[in-house]
Amino acid sequence: WQFDLSGCRCDGACGNRGTVTSTTAATGLALLPFLGAGHTPLAGRSRETVNRGLYYLLSRIQPTERGGDLSEGTMYGHGVATLALAEALGMSRDETLEQPLAEAVRFIVTSQDLYGGGGRYLPVQPGDTTVTAWQFAALKSASLAGVAVPSPTIDGVSRFLDRVQTKDGDLYGYLAPAARPCTSAIGLFCRLHLGWERRDSIDRGLATLAPPGPPPAQVYRNFYLAQALLQAEHPAWPRWNARNRDQLVSTQAKKGHETGSWFMTEPDSAPGGRLAHTALAVLTLEVYYRILPLYREDAMAVRW
């Protein structure tokens, strides 16, 4: 898959193409909704599609001293692609994925900013919240699938979140302490998967973000907030989710070749275009089915 939709059978009929050039990011993000619907390399009516996508990712791994590089120029790409490999392994136990995933995990570990604990576009750059979250999600999923993740790497993620948090960990910024809604949802998602003991801060943060309801255009923010609300078993979840579900269903394209897709006017995820927005929307709708290992209830029970 490609964010710019080049090679698409619609021959340019779909609008809102993405600008990110990483095919590993596009392929990983497109694979996740198939996995989230229960299609694996071994089962499901879309198993051939999943197999081809995973084969493409495996073919794109570049061996380096740091590990297996799937970034194609951006750590976003590496994190997303590694997450897809990890979720596929966790669901299928396909042994052919184990070693490539272990190498991709090693690349995340060796690319972490050792001082700040985060990750950004290029290896060892001082981190931001969004890139750090994709690397962390990949590490958590890999750990659930049985791939070892060094504890100092996880300690580094916690250290990074400490640096960008505000209000004792209720809310989070992008590069520095702030109370930005999107990065706050991401920060709380990470804290939950880290098994953070300060549950009162998580509850306060979610209580701040949930009451306004899911903003219709904020697909990236809603993607993370859905996961955090559900995994925290927050009392706002049922009402929030019902509104988000109905909004997504009502805004899905219903005409032409764009039928079945989404595109929102959201700056944070606009570079991914229609492909990214569609994948994020479907993944958000799949959260409460808990098919992906990262979405399951027992994912919270695993401690680092």
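Reminder that position 177 of the sequence shown reads as 177 in our numbering, one-by-one numbering, no gaps. Beta carbons: idealized from backbone N, C-alpha and C, even for Gly.
- For the set Y172, A279, A270, the Cα lying nearest the Cα of G260 is the one of A279.
- The continuous alpha helix (DSSP H) containing T284 extends over residues 273-286.
- When only Cα atoms are considered, E95 and L275 end up about 29 Å apart.
- In the structure shown, the three-state DSSP call for L171 is strand.
- In this structure, DSSP gives T64 an extended state, which the three-state scheme calls strand.
- Leaving aside the five residues that flank E197 on each side, none in its chain has a CB nearer than 6 Å to its CB.
- In the three-state reduction of the DSSP assignment, D69 falls in the strand class, which pools E and B.
- Counting of Cβ neighbours within 10 angstroms places S6 among the exposed residues, the total staying below 16.
- Straight through space, the alpha carbons of G68 and T24 are spaced by roughly 13 Å.
- Here M75 is near R120, since their CB atoms are less than 8 Å apart.
- Across the structure, V219 and A281 are spaced so that their CA atoms are roughly 6 Å apart.
- Under the three-state reduction of DSSP, G187 is assigned to helix.
- In this structure, the beta-carbon distance from D170 to R191 does not fall below 8 Å.
- In this structure, the CA atom of K254 is about 10 Å from the CA atom of W262.
- When DSSP assignments are scanned along the stretch 70-149, the uninterrupted stretches of alpha helix (DSSP H) that are 4 or more residues long and fall wholly within it turn out to be 75-92, 98-111, 129-144.
- Taking 8 Å as the cut-off, the beta carbon of S22 is found closer than this to the beta carbon of E72.
- With respect to the 8 Å criterion, A185 and L225 are classified as neighbours on the basis of their beta carbons.
- Between T64 and V109, the C-beta spacing is not below 8 Å.
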